[in-house]
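Residue numbers (this note's numbering): 2 to 496.
Beta carbons are placed, not taken as given, at the ideal position from N, Cα and C, and that holds for glycine.
Everything numeric in this text was worked out from a predicted model, so none of it was measured.
Next comes the structure, spelled out in structure tokens:
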């Protein structure tokens with residue numbers, strides 16, 4: 002038997018405008034230009050353009066003040082739905098949605114300055130194929146060579162076993178070859194530049210590079226013996242075992258050989274061509290100090306100025322004067338209204354993004370002001386996302402999106418926004434200090450240690466306790482790993 006009942010539930014849904022704002026908020030400035038270009042392509046009511054000095058659009062700009070920024074929230078009640086009753090008056094006055102100007106341009110206003118040159122270069126695969134072409138190979142060998150080069154990963158290694166490559170040639174190219182034939186061509190490719198390319202493991206990569214060392218022959222021979230006969234002892238830095246096993250009398254002789262090995266490139270493919278170019282970081286904020294004050298500018302280098310198309314406003318004006326009963330004219334007006342709504346919402350989302358970014362950065366500067374004057378990590382105060390969220394009255398998730406993938410250019414270098422967030426650690430005096438201060442001291446201790454007898458995590462813990470930092474050994478190990486510092490055994494050197 003069916004029953005009819007009532008249930009009451011409460012749901013929270015984001016409007017399309019809010020979703021658009023959230024997506025724009027979390028992308029860095031470097032990606033914002035691409036997103037704006039995509040919007041310009043799909044919405045003809047939105048256009049890019051500059052403003053005249055005498056243009057009256059002050060109400061659409063925002064200003065950063067000492068007290069922060071007053072952000073105009075998006076209208077959560079607005080809907081993407083368009084009905085037949087078109088309120089033309091909302092669109093004929095275009096001053097309130099004419100556009101906006103990006104606040105601050107830390108790199109100048111010329112269009113030429115906005116372009117970032119990209120250096121053209123060949124890829125690792127292209128370089129290796131060119132070298133393969135210089136060999137006098139028959140058709141089968143050439144096919145094997147192409148298959149091997151195609152199997153080389155970005156770091157320069159071939160991790161696919163030769164039997165699998167034989168099967169690939171059989172199935173993909175109907176070419177039946179033996180493993181010995183593949184190995185023969187592999188040995189040829191391993192003589193290509195960069196040295197160590199096409200190795201199947203780290204040990205083989207180091208051997209390939211050491212075999213090509215023409216300087217200091219005796220040291221190179223010893224280095225080869227260490228890698229070939231004592232590779233496990235070398236990776237664990239058991240130098241005494243290496244000296245005993247290879248009957249090395251002089252510690253200086255062993256030190257020279259180890260130094261030659263450490264100068265080899267463990268990833269020859271990553272630095273050989275432009276495939277691994279250094280990442281270009283475009284800061285989202287520019288922070289400078291002037292007369293004891295902190296000046297914060299939002300970088301607008303990759304964001305063009307946007308405005309509503311006058312042509313689309315004129316279309317609605319024409320509709321207002323036309324026969325509103327004409328179906329085709331009415332459908333055109335509805336289409337125009339949709340595009341104007343979309344353009345207005347996009348501009349509002351960009352404006353609110355800018356306001357939120359600056360508001361957040363001002364709050365961070367208030368907490369971490371000493372750092373921006375000194376550049377000293379030890380001056381960073383404990384600060385988490387919740388602290389900034391409470392200061393500016395926003396949700397933690399919003400601050401998290403702002404902090405993600407954003408960078409700040411300061412007088413002391415460019416830092417990720419996450420650099421300024423850290424947990425607090427209590428000292429014996431009862432004061433809370435940033436864990437970055439502890440990490441800085443930890444790095445200093447390790448740099449100053451006796452490399453013949455490196456400090457263990459337990460020893461580092463005791464030294465930190467002596468300085469008044471209440472920290473456990475497992476926390477010392479965690480901070481050491483975050484600093485990319487190995488355990489004591491792997492920090493040992495020949496002295």
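Subject >> Classification of residue 230 by the beta-carbon crowding that lies within 10 angstroms, buried from 16 upward >> reply: Burial call: exposed.
Original post:
How many angstroms separate the CA atom of residue 169 from the CA atom of residue 225?
Top reply: Residue 225 has its alpha-carbon roughly 33 Å from the corresponding atom of residue 169.
**OP:** Return the first residue and the last residue of the alpha helix (DSSP H) that residue 291 is part of.
**Re:** Counting along the chain, residue 291 falls outside any alpha helix (DSSP H), though it belongs to the beta strand (DSSP E) covering 286-291.
Subject >> Spatial neighbours of residue 350 in its chain, beta-carbon cut-off 8 Å, leaving aside the 5 residues before and after >> reply: Within the same chain, residue 350 has close Cβ partners 18, 21, 22, 25 and 75.
Original post:
Should the segment 486-495 be called in touch with the segment 451-461, which here means at least 3 C-beta pairs below 8 Å?
Top reply: Counting Cβ pairs under 8 Å, three or more are found: they touch.
Original post:
Apart from the five residues on each side of it in sequence, which residues of its chain come closer than 6 Å, Cβ to Cβ, to residue 77?
Top reply: Annotation note: pLDDT 35 at residue 77 (below 50); position unreliable, coordinate value reported separately. So the qualifying residues of the chain are 16.
**OP:** Report the rounded CA-to-CA distance for residue 247 versus residue 227, giving the unit in angstroms.
**Re:** Using only the alpha carbons, I get a separation of about 8 Å.
Subject >> Top-ranked residue by Cα proximity to residue 313, from 42, 448, 39 and 48 >> reply: Considering only 42, 448, 39 and 48, the residue with the shortest C-alpha distance to residue 313 is 48.
Original post:
Counting pairs of beta carbons, one from the segment 27-43 and one from the segment 369-376, are three or more of them closer than 8 Å?
Top reply: With fewer than three CB-CB distances shorter than 8 Å, the segment 27-43 does not count as touching the segment 369-376.
**OP:** With DSSP as the reference, label residue 416 as helix, strand or coil.
**Re:** It is a strand residue.
**OP:** Note the first and the last residue of the continuous alpha helix (DSSP H) segment covering residue 499.
**Re:** Because the chain here runs from 2 to 496, residue 499 falls outside it and cannot be looked at.
Subject >> Backbone CA spacing between residue 208 and residue 396 [nearest angstrom] >> reply: The straight-line gap from Cα to Cα measures roughly 55 Å.
Original post:
From 192, 157 and 178, pick the residue whose C-alpha is nearest to that of residue 163; which is it?
Top reply: The shortest C-alpha separation from residue 163 is found at 178.
Original post:
Which stretch, first to last residue, makes up the beta strand (DSSP E) that contains residue 296?
Top reply: It spans 294-299 - the beta strand (DSSP E) in which residue 296 sits, taken as one unbroken run.
**OP:** Just mark residue 463 as buried or exposed, buried being the case when its beta carbon has 16 or more other beta carbons within 10 Å.
**Re:** Residue 463 is classed as exposed because its beta carbon has fewer than 16 other beta carbons within 10 Å across all chains shown.
Subject >> Among 319, 184, 416 and 221, the one whose alpha carbon lies nearest that of residue 377 >> reply: When each option's Cα is compared against that of residue 377, the closest is 416.
**OP:** Determine which residues share a DSSP beta bridge with residue 384 and list them.
**Re:** DSSP lists 423 as the bridge partner or partners of residue 384.
Original post:
If you pair each beta-carbon of the segment 244-264 with each one of the segment 328-342, do three or more pairs fall below 8 Å?
Top reply: With contact defined as three or more Cβ pairs closer than 8 Å, the segment 244-264 and the segment 328-342 are not in contact.
**OP:** Would you list the one or two residues that DSSP bridges to residue 200?
**Re:** In the DSSP output, where bridge partners are listed per residue, residue 200 has 158.
Original post:
Straight-line CA distance for residue 363 to residue 236?
Top reply: Approximately 48 Å between the Cα atoms of the pair.
Original post:
How is the beta strand (DSSP E) around residue 194 delimited, first residue to last?
Top reply: Run containing residue 194: none; DSSP gives neither H nor E here.
**OP:** Using 10 angstroms around the beta-carbon of residue 407, count the other beta-carbons present and answer buried if the total reaches 16, otherwise exposed.
**Re:** Looking at its Cβ environment, which holds 16 or more other Cβ atoms inside 10 Å, residue 407 is buried.
Original post:
How is the alpha helix (DSSP H) around residue 218 delimited, first residue to last?
Top reply: Start and end: 218-230.
Subject >> CA-to-CA distance, residue 461 to residue 478, given in whole angstroms >> reply: Distance between the alpha carbons of residue 478 and residue 461: 9 Å.
Original post:
Which residues share a DSSP beta bridge with residue 393?
Top reply: Per the DSSP secondary-structure output, residue 393 pairs with nothing in a beta bridge.
Subject >> Three-state secondary structure (DSSP) of residue 433 >> reply: Residue 433: strand per DSSP, three-state reduction.
Original post:
CA-CA distance, residue 46 and residue 360?
Top reply: CA-CA distance, residue 46 to residue 360, rounds to 30 Å.
Original post:
In terms of residue numbering, what span does the alpha helix (DSSP H) encompassing residue 329 cover?
Top reply: Start and end: 328-368.
Original post:
Excluding sequence positions up to five away, which residues of its chain have a Cβ less than 7 Å from the Cβ of residue 184?
Top reply: A distance below 7 Å between beta-carbons, with the five flanking residues on each side excluded, links residue 184 to the following residues of its chain, in chain order: 163.
Original post:
From what residue to what residue does the beta strand (DSSP E) around residue 470 run?
Top reply: Premise fails: residue 470 is in no beta strand (DSSP E) and is neither H nor E.
**OP:** Could you tell me which residues DSSP puts in a beta bridge with residue 409?
**Re:** Residue 409 pairs with 286 and 416.
Original post:
Whose CA, out of 134, 196, 145 and 287, lies closest to the CA of residue 171?
Top reply: If we check each option's Cα against that of residue 171, 145 comes out closest.
**OP:** Go through its chain and collect everything with a Cβ distance to residue 282's Cβ below 7 Å, but skip five positions before and after it.
**Re:** For residue 282, where only same-chain residues beyond five positions count, the Cβ hits under 7 Å are 408 and 415.
Subject >> Whole-angstrom distance between residue 472 and residue 457, CA atom to CA atom >> reply: The straight-line gap from Cα to Cα measures roughly 15 Å.
**OP:** Please go through the same chain and pick out, in chain order, the residues whose beta-carbon is closer than 8 Å to the beta-carbon of residue 141, but skip the five residues on each side of it.
**Re:** These residues qualify, in order along the chain: 176, 178 and 182.
Subject >> Per-residue DSSP class, three states only, for residue 428 >> reply: Three-state DSSP puts residue 428 in a strand.
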